[in-house]
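Engineer: The following block contains the structure, expressed as structure tokens.
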DNA sequence: ATCTAAATTTAGAATTATTCTAAAAAGAGG
DNA sequence: CCTCTTTTTAGAATAATTCTAAATTTAGAT
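Residue numbers (the working numbering), protein chains in the order written: chain A, 1 to 128; chain S, 129 to 256.
In structure tokens:
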């Protein structure tokens with residue numbers, strides 16, 4: 001594992017805010033100011049292929065990266081805001097009903113966040 | 129609802145193969161040969177905002193669209209191949225453990241498909 | 001019908017995240 | 001200190017999607 005891969009992994013493991021490649025690039029520059037974007041993408045892909053980090057893809061927004069530690073996500077349907085939640089490990093329950101062995105699962109719960117709910121209400125008022 | 133939105137919705141509801149915007153564009157051209165891509169994107173976004181279709185975002189691959197009917201997905205971690213599975217409605221079980229009301233949830237089970245498993249084995253042999 | 005306003009479509013440019021390419025640099029092992 | 005492999009770099013290229021502004025269609029009111 002190269003110094004870049006290692007540091008990128010550390011950044012992701014330490015974070016709770018679902019960083020984008022760009023944000024990881026910015027964070028990495030604090031330690032290695034001359035690093036380029038391609039290095040970040042190369043390593044993110046390598047780490048993901050190796051199953052060492054999570055990747056969260058969402059509608060419209062750039063991919064975000066996350067630590068492995070078991071948890072699920074609450075995602076705002078409007079703005080993409082992500083919040084960590086833990087709904088327990090469903091692996092057993094799910095695997096029982098499938099023939100193929102599953103490596104992992106992603107559970108994304110859609111909701112409308114506070115900010116977007118307010119915005120909706122205001123728009124509703126205006127239109128009336 | 130315009131004729132385009134209506135037809136796009138029909139295409140998606142009738143499909144079981146998780147079409148991309150491009151594939152929907154191609155399918156739509158059979159009925160409306162002069163339609164342009166932007167119209168497809170406009171309508172897909174509108175239908176999705178209205179909660180009338182599902183959107184499946186995955187790592188690297190373009191977004192795919194899906195009918196609403198309750199089901200989950202088995203996704204190959206290597207190539208993105210999608211298979212429909214039904215693991216039952218977990219809404220109750222999940223909602224119980226959350227304070228905010230959830231609109232829906234996406235459950236994506238990661239596995240390695242047959243084709244990718246074979247490819248892995250062959251690569252393993254070569255390297256040895 | 002006819003007018004007006006709002007919504008939709010069109011064409012094509014623009015954006016943006018990400019990947020690719022080829023050359024340079026860094027590492028690893030003998 | 002060579003040789004081979006891997007990684008990084010710089011910058012061009014790609015590809016999906018969004019944006020813009022003008023043209024067209026639609027819907028409601030007159």
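Just so you know, even glycine gets a beta-carbon here, dropped at the ideal spot from N, CA and C. This structure is a prediction, so every number in the text was calculated from the model and none was measured.
(1) Count the other C-beta atoms from every protein chain shown that fall within 10 angstroms of the C-beta of residue 36 of chain A, then say buried if there are 16 or more, exposed otherwise.
(2) Helix, strand or coil for residue 239 of chain S per DSSP?
(3) Give a yes or no on whether 8 Å exceeds the smallest Cβ distance from residue 57 of chain A to chain S.
(4) Buried or exposed: where does residue 64 of chain A fall if 16 or more other Cβ atoms within 10 Å of its Cβ makes it buried?
(5) Between the region 196 to 212 of chain S and the region 235 to 243 of chain S, do three or more beta carbon pairs fall short of 8 Å?
(6) Taking the C-alpha atoms as reference points, what is the distance between residue 153 of chain S and residue 58 of chain A?
(7) Sort A:94, A:3, A:105 by Cα distance to residue 47 of chain A and report the nearest one.
(8) Going along the chain, which residues of the region 228 to 242 of chain S sit with their C-beta nearer than 8 Å to a C-beta in chain A?
(9) With distance defined between alpha-carbon atoms, name the residue in A:15, A:86, A:93 nearest to residue 53 of chain A.
(10) Can you give me the C-alpha to C-alpha distance between residue 156 of chain S and residue 140 of chain S, rounded to a whole angstrom?
(11) For chain S, check one thing: does any of its Cβ atoms lie closer than 8 Å to the Cβ of residue 128 of chain A?
(12) Which residue marks the beginning of the alpha helix (DSSP H) containing residue 40 of chain A, and which one marks its end?
Structural biologist: Reading off the structure:
(1) exposed
(2) Strand.
(3) At a cut-off of 8 Å between beta carbons, residue 57 of chain A contacts chain S.
(4) Residue 64 of chain A comes out buried.
(5) Here the region 196 to 212 of chain S lies against the region 235 to 243 of chain S, with 3 or more beta-carbon pairs under 8 Å apart.
(6) Cα to Cα, residue 153 of chain S sits roughly 22 Å from residue 58 of chain A.
(7) A:3
(8) 228, 229, 230, 231, 232, 233, 234, 235, 236, 237, 238, 239, 240
(9) A:15
(10) 11 Å
(11) Reliability fails at residue 128 of chain A, whose pLDDT of 38 lies under 50, so the model's placement of it is uncertain and the value that follows must be treated cautiously. Judged by the 8 Å Cβ criterion, residue 128 of chain A is not in contact with chain S.
(12) 37 to 49
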